[in-house]
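For reference, the structure is listed below as structure tokens.
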Amino acid sequence: MTKLQVDQKGQKMNNFDTGATRSEDTVRDDPDGYLSPLFMEGYFSYMTKHRVQADGAVRDSDNWQKGIPLARYMKGLWRHFFHFWQRHRGYKVNDPLAADSIEEDMYAMFFNLQGYGHEYLKDKNDPN
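In this text, residue positions in the sequence shown follow my numbering: the first is 716, and each later residue adds one.
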């Protein structure tokens, strides 16, 4: 059984029967609760598939962190969202270069969104 108590600083603490204590976690980030392991597993497989370049070379998994312009991420995000939207509405996607499925559209959108966010936050946090 866990008892919730308040320490001298006014912080809520969980006191476990074992004697262990931990700060109350309802105010802490919870990636386990915020992300879907089903989606993330599919995303990881998607990213692994797309490490192979047109010339057959395999790029590093973090290659995108070298820097891709925000405009490029935005164009990709719109293109994949448009394909996702078409499939969601039950329409055929006519773009011969489109992703293979609605799942791949989602993973491609996620890639572009997090890549955009990475570049945006990197620039925002750069003191120069």
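Where is the CB? At the ideal position from N, CA and C, for every residue including glycine.
Query, Result
"Euclidean distance between Cα positions of LEU853 and GLN829", "Any answer about residue 853 is impossible in this case: the structure gives the chain only from 716 up to 843."
"Per-residue DSSP class, three states only, for THR736", "strand"
"Close beta carbons around SER738, own chain, < 8 Å, minus the five adjacent residues each side", "GLN726, LYS727, MET728 and ASN729"
"C-beta contact flag for PHE799 and MET821 at 8 Å", "yes"
"Residue burial classification, ALA772 (beta-carbon count within 10 angstroms, cutoff 16)", "exposed"
"TYR788 beta carbon less than 8 Å from that of ASN840", "no"
"Beta strand (DSSP E) runs contained entirely in the segment 735 to 775, provided each spans 3 or more residues", "736 to 738"
"Host beta strand (DSSP E) of LYS807 (start-end)", "Element bounds for LYS807: n/a, residue is neither H nor E."
"Identity of the residue in ASP745, ASP747 and TYR831 nearest GLY791 by Cα", "TYR831"
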